[in-house]
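The structure appears below as structure tokens.
Numbering (our numbering), first residue to last: 7 to 301.
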């Protein structure tokens, strides 16, 4: 476990919903890393046990190696003042995140490059799922891109614990990629990540979000406007909102997708964007789909 003295801060390179990202150099070397610094409250009992567990989980992730996940180097706590501390996570530095990449590059990214990105995202997520890690918050901002077009998934070690104690509230958390079961605060599993990848894949092709909304209630309405309102029998018993809260809407997803993305993408997205998690394919099944077999 490292400490703040092991790293020299170079510059701020980004801000996320829960923290600030800096470029850092490991002391005594020329090796650059990214350091995510998350401000957290110190409770009356001191450092929350959940944060200490988070550190232990992050430390265990250092042994994970895959070309499509960011390599975690270090995790440690520093104190800001008597009421606040920082959770510091050090990982490999990449050139862009996918959000910035899609915003700033020319729009004529061809189907082969889109497919190349999609394959790497599915392969990285399949690796995480094989290691019993659910990301839970996949979005373009935590998928990183290097100049050689390598994709790296970041923030996979940070569970929802850190959002409970975070003091960093200046950036709105993006809901666009969250699955219905997460929005309904139900039990969730790896299928929630597959839903998020479907939303991201649409955005890679179109440069526009599939389900834009600004609140959790609006987010579910935006989803149902496209996939249709599920039948009452499919509604989870542990949902925080009753099925009757939503109007009965017909599905329009096929028509929406068909006008914007190639047919193999339509087919894959229709298989992914199912209300019931158990009906979605796994990452491995997605990699075996016709989308990746077609030239």
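Beta carbons: idealized from backbone N, C-alpha and C, even for Gly. Being a predicted model, the structure only gives us computed values, none of them experimental.
Discussion item. Using C-beta distances below 8 Å, list every residue in its chain close to residue 16, excluding the 5 sequence neighbours before and after it, in chain order.
Written reply: The residues 28, 29, 30, 31 and 38, in chain order, have a CB closer than 8 Å to that of residue 16 in the same chain once the five nearest residues on each side in sequence are set aside.
Practice prompt. Check whether the Cβ atoms of residue 203 and residue 217 lie closer than 8 Å to each other.
Written response: No, the Cβ-Cβ distance between residue 203 and residue 217 is not below 8 Å.
Worksheet item: Quick one: any contact between the stretch 150–160 and the stretch 107–127, if contact means 3 or more CB pairs under 8 Å?
Response: Of all C-beta pairs linking the stretch 150–160 to the stretch 107–127, three or more are shorter than 8 Å, placing the two stretches in contact.
Worksheet item: For residue 279, which residues from the same chain have a beta carbon less than 6 Å from its beta carbon, with the 5 sequence-adjacent residues on both sides left out?
Response: Excluding sequence neighbours, residue 279 sits near 204 and 233.
Worksheet item: So, helix, strand or coil for residue 127, using DSSP?
Response: Correct three-state label for residue 127: helix.
Worksheet item: What whole-angstrom Cβ distance do residue 83 and residue 67 have, given they're in contact under 8 Å?
Response: 16 Å between Cβ atoms; not a contact.
Discussion item. So, for residue 161: in the same chain, excluding its five sequence neighbours on each side, which residues have a beta-carbon less than 7 Å away from its beta-carbon?
Written reply: So the list reads 143 and 148, once near-sequence residues are dropped.
Worksheet item: Are the Cβ atoms of residue 190 and residue 240 separated by less than 8 Å?
Response: In this structure, residue 240 does not lie closer than 8 Å to residue 190 by Cβ.
Worksheet item: Would DSSP call residue 168 helix, strand or coil?
Response: Note that residue 168 has pLDDT 41, beneath the 50 cutoff, so the model's placement of it is unreliable and the number below is only indicative. In the three-state scheme derived from DSSP, where H, G and I count as helix and E and B as strand, residue 168 is classed as helix.
Worksheet item: With distances taken between CB atoms, is the gap from residue 102 to residue 151 smaller than 8 Å?
Response: In this structure, residue 151 lies closer than 8 Å to residue 102 by Cβ.
Worksheet entry | Inter-residue spacing [alpha-carbon to alpha-carbon] between residue 254 and residue 43 | Approximately 44 Å, taken between the alpha carbons.
Discussion item. Rounded to whole angstroms, what is the Cα-Cα separation between residue 11 and residue 54?
Written reply: Roughly 23 Å between the two C-alpha positions.
Practice prompt. Report yes if the CB atom of residue 25 is closer than 8 Å to the CB atom of residue 45, and no otherwise.
Written response: Against a cut-off of 8 Å, the Cβ pair of residue 45 and residue 25 comes out as a contact.
Practice prompt. Determine the burial state of residue 129: buried for a count of at least 16 other Cβ atoms within 10 Å of its Cβ, exposed for fewer.
Written response: Buried, by the Cβ-count rule.
Worksheet item: Thinking C-alpha only, which one of 57, 105, 185 and 117 is nearest residue 91?
Response: A check of alpha carbon separations from residue 91 across 57, 105, 185 and 117 identifies 57 as the nearest.
Worksheet item: With distances taken between CB atoms, is the gap from residue 259 to residue 276 smaller than 8 Å?
Response: Contact flag set, yes.
Fill in: Rounded separation between residue 86 and residue 9 - CA only
If I take the Cα positions, the gap works out to 14 Å.
Item to complete: For residue 291, I'd like the list of residues in its chain whose CB is within less than 7 Å of its CB, leaving aside the five on either flank, ordered along the chain.
Response: Cβ contact annotation for residue 291 (same chain, cutoff 7 Å, sequence separation greater than five): none.
Fill in: Cβ neighbour criterion (16 or more within 10 Å) applied to residue 176
Model confidence at residue 176 stands at a pLDDT of 38, short of 50, so the residue's coordinates are unreliable and nothing is read from them.
Worksheet item: For residue 254, which of helix, strand or coil comes out of DSSP?
Response: The answer is coil: DSSP assigns residue 254 none of H, G, I, E or B.
Discussion item. Please state the DSSP three-state secondary structure of residue 39.
Written reply: Under the three-state reduction of DSSP output, residue 39 falls in the strand class.
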